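> Numbering (the working numbering), first residue to last: 25 to 165. Here a beta-carbon is modelled for each residue, glycine too, at the ideal position from N, C-alpha and C. None of these values were measured; they are calculated from a predicted model. Got a structure for you, questions after.
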């Protein structure tokens, strides 16, 4: 039964080569796009999942509007925005601040007690954080 169906399908593909190629190529492109979108959604939903109660972690962002149209959306915010949100919104229980140095955003990390010689490496895209980040990360371990 299955061999008969496969033989019929093969004959149909051989008879209509252009449409068979078009359909198979369309299916392959559709599946590839689906998997890329699924991977992107998985990546976007994976932020802060290592934290306890990660479903209650939010990021405060800032929008810049010109003529009532949003021109820029950024997660970088004013220094006092988190403190103001904590004092104004009673549901906010804690906050953690990160600081980006911009174009100077790199750091050299050294370990002088390493044997046989000290280890030093340059870390790019480095963010400075206050102690609230360390407390939350250490609580998960």
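Is the stretch 142 to 160 in contact with the stretch 114 to 126, if contact means three or more CB pairs nearer than 8 Å?
Touching, per the Cβ criterion.
> Which residue marks the beginning of the beta strand (DSSP E) containing residue 101, and which one marks its end?
First-last for residue 101: undefined, no H or E at that position.
> Just how far apart, CA to CA, sit residue 116 and residue 52?
Roughly 46 Å separates the two Cα atoms.
> Check the DSSP bridge columns for residue 42 and list the partner residues they point to.
Answer by DSSP bridge pairing: none, since residue 42 is not bridged.
> Under a three-way DSSP split, which group does residue 84 fall into?
Note: residue 84 maps to coil in three-state DSSP.
> CA-CA distance, residue 92 and residue 135?
Whole-angstrom Cα-Cα distance: 51 Å.
> Excluding the five sequence neighbours on either side, which residues of its own chain have a C-beta within less than 6 Å of the C-beta of residue 102, listed in chain order?
For residue 102, where only same-chain residues beyond five positions count, there are no Cβ hits under 6 Å.
> Consider the C-beta atom of residue 89 and the heavy atoms of the ligand SAM; say whether any pair is separated by less than 8 Å.
As for the ligand SAM, it is missing from this structure, which has no ligand bound.
> Identify the residues that DSSP records as bridge partners of residue 146: which are they?
Residue 146 is bridged to 132.
> Taking only the alpha-carbon atoms, compute the straight-line gap between residue 84 and residue 150 and give it to the nearest angstrom.
If you take the alpha carbons of residue 84 and residue 150, they lie about 20 Å apart.
> Using only the alpha-carbon positions, how far apart do residue 89 and residue 100 sit?
Going by the C-alpha atoms only, they are around 15 Å apart.
> Smallest Cα separation from residue 130: which of 141, 118, 138 and 145?
Checking every option, the nearest Cα to that of residue 130 belongs to 145.
> Go ahead and pull the three-state DSSP assignment for residue 113.
Here residue 113 sits in coil by DSSP.
> By DSSP, does residue 138 sit in helix, in strand, or in coil?
DSSP places residue 138 in coil when its eight states are reduced to three.
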